[in-house]
Amino acid sequence: MKAGAVRRRVRGSLQLQIYMLACRDVMGFVPDLATMVFVRHNERISVSYSDIDLNVCRETLEGLVNQVQAVDPEQITTTHCARCRFRQTCKHSTAQESSAKRVGAKKPWYGTVRAPET
Ligand code: SF4
20 MKAGAVRRRV RGSLQLQIYM LACRDVMGFV PDLATMVFVR HNERISVSYS DIDLNVCRET
80 LEGLVNQVQA VDPEQITTTH CARCRFRQTC KHSTAQESSA KRVGAKKPWY GTVRAPET
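Just so it is clear: in the sequence shown, position 67 is 86 by this note's numbering, and no numbers are missing.
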């Protein structure tokens with residue numbers, strides 16, 4: 020991929036925009052640049068965002084949140100739940116029963132929640 024195309028993809032990355040949006044809206048400052056590091060290629064690409072860019076990012080996020088909240092949990096048919104690290108605590112998981120029985124199921128990164136001793 021050509022350098023210009025890579026830079027456009029980096030700049031269009033919602034991930035970087037979210038970090039910048041958090042800096043602006045939570046921490047109260049906007050860094051001049053956001054840098055994505057491609058460790059394997061030992062390369063860094065820095066991009067900047069305007070206030071308008073970050074406003075568009077915020078609107079995009081709000082739209083995505085609205086879409087997620089509009090989903091009827093009963094209609095979820097994903098097969099991802101069985102491999103999801105949140106399956107044991109997610110109230111919408113379709114794999115809570117089967118994953119608990121699965122031999123060798125990985126513990127989630129946050130560990131397991133123990134029931135209080137009586
Ligand atoms: S367990 Fe919950 S968070 Fe994970 S994939 Fe299923 S619905 Fe999504």
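Ideal Cβ placement from N, Cα and C applies to all residues, glycine included.
Keep in mind that this is a model prediction, so the values were computed, not measured.
query                                                                                                                                                                     : result
What do you reckon, are the CB atoms on S65 and L52 nearer than 7 angstroms?                                                                                              : yes
Any idea what DSSP makes of A41, helix, strand or coil?                                                                                                                   : helix
How far does the alpha helix (DSSP H) with I71 in it extend, from its first residue to its last?                                                                          : 70-88
Decide if V46 is buried, meaning its Cβ has at least 16 other Cβ atoms within 10 Å, or exposed.                                                                           : It is Met, not Val, that sits at residue 46 in the sequence shown. Counting Cβ neighbours within 10 Å, M46 comes out exposed, since fewer than 16 surround it.
Please determine whether the Cβ atom of C103 lies at a distance below 6 angstroms from any heavy atom of ligand 1.                                                        : yes
Is the CB of R27 under 7 angstroms away from at least one CB in chain D?                                                                                                  : Among the chains of the structure shown, chain D does not appear; only one protein chain is present.
Measure the alpha-carbon distance for K110 versus R43 and round it to whole angstroms.                                                                                    : 32 angstroms
Spatial neighbours of R63 within its chain, please: CB distance less than 6 angstroms, with the 5 preceding and 5 following residues excluded, ordered by chain position. : T54, V56
I'd like to confirm the pairing. Which residues does DSSP put opposite T54 in its beta bridges?                                                                           : S65
For the alpha helix (DSSP H) that V25 lies in, which residues bound it at each end?                                                                                       : 22-30
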